[in-house]
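If you're matching positions, the sequence shown starts at 21 in my numbering and goes up one per residue.
Where is the CB? At the ideal position from N, CA and C, for every residue including glycine.
Everything numeric in this text was worked out from a predicted model, so none of it was measured.
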Amino acid sequence: MPASFDGFRQTFFGKFPEAVQLERALRTARNSNPMFFFHESRDPDLKKSWIVLGRLGSEMEDILSINGEVLFLFSPHEEFQRRSFNKMVDAARQEIADVQRRLFGIVRFTPDSHISLIYSKDPSLPKNLKAWNADGATSLVARVPMLDGTLDGITTDLRKSIATVLASRDLYGGKNPVTGRDFFGRLDTIQSVSAELRNGRSIGLFGLRRSGKTSLLRELQRREEPSGLALVLSDLESTDGVDDIPHQISQDLLTVLRRMREARTNIWLGPEGEHEARTFGELSARLIHVAERNASLNFVIAVDEVENLRRLSQVSPERVRLFLGSLRRAAQATRNLSLFFTGLTTAFFDQSMIVDEVDNPLFGFVDSHFLPPFSMAESMGLVRDLGTSMMLEWDEASLSAVHSLTGGFPFFVRDLASAVRRAALDELLDDSQISSPIGIRKGHVDAAFGQWKDQAGRNWREIIRTLESYHPYMAEMLRAGTEEEINEWRSIGVDGEISALALQRLGLLIPTEPEGLKRSASLVALDGLAGRPTIFAGDIQKRRDFRSLLSQTESLHLEFKSTARWNLRSAKKDEAMEHAVVKTVAAFLNTDGGTLVIGANDDGRARGLVEDLSTCRSSFDQYERWLMGSLLGKKIGTDIVSQYVEYAKHSLDGHDLVVLTVRRFPGVAWVVSGEDENLYVRNGNETQQLRGRQVAEFARSRSA
């Protein structure tokens, strides 16, 4: 330590003499110097506050699962502000690291990242800390108790304060990707993927929605970046058009380079004028130039959820081809740049064409890796180890039950564990003071599962519906109730065989003798969450009936429309398209009912609803609300539409369609148009407006 270090210590205890009692309370034979690094903060929001590093002692650290040093903040102020809390959480660790670099040339002490401690005489601090911690701070903060009691009393109160705060944070819950201490399992996948990327291979990582693909990407980035793997992660889900992608990737690349430059002085960013790529050619050139000038690094351009490219390719297939070609060109031109894609299946890379007559530059270009459900060991490790950080102590039976009930599917493992945690805390008479680990038993799991199952089933059905939008045969196999149905879907043809193979690689189907398939234990458990679906049941006959429907020609009772609001010729929204849908539905209501299929050409070929959905943020929920409420309900009448028009979403060959099944209305269904009301009926395969005497005669016939 520098010669002046004792001076820092003396100055600190002179400012906070009561802290002597805390040091005495923490001192043991193995923890002879509990508080050992002292620094008066230079941050304006932490003015006159001292940052101290210390150890709590092995006994307390074992109970609380704290590793190494902790950060203390001692504040002299009677009122501790929220902005000071934010700086303590976000900036104090960086400040103490910077001080160590100045003193020692390196960072010797890194405090625990999950918990910090604050001493302040602010009487409202306990209430404020509870609220601030609940806001999702990056690190929890516990209060150091008043230091005017006995030494045993101080350690007991400190342990309770920390334990209560640790127990308050649900590390299982949430839908966002996780990294660091919150990331579990998949170590073999990370190691094999990392090795292939460093050898210049391009990778595809495939798994169902919520199986942990993005978490694995971000954990790979966190682990490998310090050793020179520059992983540039771009999420295309919110991208409106493919021409926006060069700008997005170039900005993501710049962010990674700047972050790595903080630790490595020799990172080349290039002239500022070259930082932004506006075209696919500029993107390719930028990637090649950066990779060549930073030859000691391995660059990985990662595109999350490749199915978004399929969405974009339905509107601009040639532009998607140019984008993918620019990435492939950059990867082939440099030895230290690879591509990384995530998606639901390999289908995008198994097809030589993006669409008809537009070739796919990435056909056969990636090595595939798959994310099956967790093994028993991975599920148990996640639940147990995260639980330890929340003062939870799971026994073997409860851990095994969580895995078995969720099939090891990562999202459901975490979600059920979160529900069990809530149930266990609800049992406590007073969870405001926790001093020792909370035991979790199988009874807690059984009790929580009963309440959790219904929502979990809805989530699983939604995962299948998402899959159905891109890979309908896979979705059908997941819904199949028997082995016979699974194998019948498989026997349909090439699409069935490809879907069956993908589900085997994802650990959801397993082979049987001779040459059959059955559900894996994981899929059996997931089916147990959802039960048998009551809507869009997906049995083979229903799907065949739907294909048969599309094979028919338009008639008195059937009409196809490519869109409900998007004019394909003018490439914009058009009220005339909307009015055509309203007229058709009203005509069916006023005749003998009928079926309107939206998303199919006049000849019944499925084309999808990409353009329509783009006007509703690509959300089917918003699209349904607009179609049934804002359009049909407003123009025809909410009461009529809600009772006589049924909305259903179908997927076929990778296309989403909407089917409106209309029953005959016994009265007259008028269409409101400005201040007028118009009447429409079906005449063969056309919609006809009635006028004059025809209106009166029709109205009399309905009232008879």
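Express the C-alpha separation of residue j and residue i in angstroms, rounding to a whole number.
{"i": "S388", "j": "Q211", "result": "14 angstroms"}
{"i": "R525", "j": "F390", "result": "6 angstroms"}
{"i": "A417", "j": "K462", "result": "6 angstroms"}
{"i": "A476", "j": "D466", "result": "15 angstroms"}
{"i": "H295", "j": "S304", "result": "12 angstroms"}
{"i": "D255", "j": "S638", "result": "15 angstroms"}
{"i": "E239", "j": "S133", "result": "16 angstroms"}
{"i": "Q352", "j": "I223", "result": "14 angstroms"}
{"i": "D728", "j": "F100", "result": "The structure shown does not extend to residue 728, since the chain is modelled only from 21 through 724, so no value can be given for it."}
{"i": "M80", "j": "Y139", "result": "18 angstroms"}
{"i": "A500", "j": "L537", "result": "12 angstroms"}
{"i": "R434", "j": "V403", "result": "7 angstroms"}
{"i": "L521", "j": "D110", "result": "47 angstroms"}
{"i": "R179", "j": "P146", "result": "15 angstroms"}
{"i": "T299", "j": "V310", "result": "16 angstroms"}
{"i": "F608", "j": "L237", "result": "51 angstroms"}
{"i": "L273", "j": "R331", "result": "24 angstroms"}
{"i": "S519", "j": "K473", "result": "28 angstroms"}
{"i": "L84", "j": "S181", "result": "11 angstroms"}
{"i": "F204", "j": "S420", "result": "16 angstroms"}
{"i": "P131", "j": "N87", "result": "8 angstroms"}
{"i": "V252", "j": "V276", "result": "7 angstroms"}
{"i": "A626", "j": "N153", "result": "51 angstroms"}
{"i": "K592", "j": "W586", "result": "6 angstroms"}
Classify residue i: buried if its beta carbon has 16 or more other beta carbons within 10 angstroms, exposed otherwise.
{"i": "D202", "result": "buried"}
{"i": "G34", "result": "exposed"}
{"i": "K581", "result": "buried"}
{"i": "I126", "result": "exposed"}
{"i": "V544", "result": "exposed"}
{"i": "P393", "result": "buried"}
{"i": "R478", "result": "exposed"}
{"i": "Q151", "result": "Contrary to the premise, residue 151 reads as Ala rather than Gln in this sequence. By the 10 Å Cβ count, A151 comes out exposed."}
{"i": "S144", "result": "exposed"}
{"i": "T502", "result": "exposed"}
{"i": "F58", "result": "buried"}
{"i": "V40", "result": "exposed"}
{"i": "L73", "result": "buried"}
{"i": "R702", "result": "buried"}
{"i": "A322", "result": "buried"}
{"i": "G232", "result": "buried"}
{"i": "D177", "result": "buried"}
Would you kindly report the start and end of the unbroken beta strand (DSSP E) that includes residue i?
{"i": "K669", "result": "665-672"}
{"i": "H59", "result": "55-60"}
{"i": "D446", "result": "No beta strand (DSSP E) holds D446; the alpha helix (DSSP H) holding it covers 430-447."}
{"i": "D387", "result": "387-390"}
{"i": "Q524", "result": "From DSSP, Q524 is part of no beta strand (DSSP E) but of the alpha helix (DSSP H) over 514-525."}
{"i": "K538", "result": "536-539"}
{"i": "F226", "result": "223-226"}
{"i": "A500", "result": "Segment: none, A500 is in no beta strand (DSSP E) and carries neither H nor E."}
{"i": "W646", "result": "Here W646 belongs to no beta strand (DSSP E), and DSSP marks it neither H nor E."}
Note the first and the last residue of the continuous alpha helix (DSSP H) segment covering residue i.
{"i": "N703", "result": "Unbroken run through N703 is the beta strand (DSSP E), 696-703; no alpha helix (DSSP H)."}
{"i": "S188", "result": "171-188"}
{"i": "G477", "result": "462-490"}
{"i": "A397", "result": "396-408"}
{"i": "V40", "result": "39-46"}
{"i": "V213", "result": "207-218"}
{"i": "T426", "result": "416-426"}
{"i": "P146", "result": "145-154"}
{"i": "R722", "result": "713-723"}
{"i": "D168", "result": "First-last for D168: undefined, no H or E at that position."}
Return yes when at least one heavy atom of the ligand GTP lies under 7 angstroms from the C-beta of residue i, else no.
{"i": "I126", "result": "Among the ligands in the structure shown, none appear at all, so the ligand GTP cannot be discussed."}
Answer with yes or no whether the minimum CB distance from residue i to chain D is below 8 angstroms.
{"i": "T259", "result": "Included in the structure is just one protein chain, with no chain D present."}
- Message: Going residue by residue through the region 580-625, where are the continuous beta strand (DSSP E) segments of at least 3 residues, counting only ones entirely within it?
- Response: 614-618
- Item | Sufficient close CB pairs (3 or more, under 8 angstroms) joining the region 184-196 to the region 407-427 | yes
- Can you find at least 3 beta carbon pairs, one from the region 605-619 and one from the region 676-692, that sit closer than 8 angstroms? yes
- Item | Every unbroken beta strand (DSSP E) within the region 73-134, with a cutoff of 3 residues, ordered by chain | 90-94
- In chain order, which alpha helix (DSSP H) runs of at least 4 residues are fully inside the region 305-377? 327-333, 337-353, 367-370
- Query: Quick one: any contact between the region 269-285 and the region 212-219, if contact means 3 or more CB pairs under 8 angstroms?
  - Reply: no
- Query: Can you list, in chain order, the stretches of the beta strand (DSSP E) that have 3 or more residues and sit fully within the region 245-312?
  - Reply: If we require 3 residues or more, the beta strand (DSSP E) runs fully inside the region 245-312 come out as 249-255.
- Task: Please confirm if the region 697-710 is in contact with the region 647-654, defined as three or more CB-CB distances below 8 angstroms between the two stretches.
- Result: Here the region 697-710 makes no contact with the region 647-654; the two share fewer than three CB pairs at distances below 8 angstroms.
- Item | Stretch pair the region 305-318 + the region 359-377: three plus CB contacts closer than 8 angstroms | No, they do not touch.
- Query: Between the region 343-351 and the region 377-387, do at least 3 Cβ pairs fall closer than 8 angstroms?
  - Reply: Yes, they touch.
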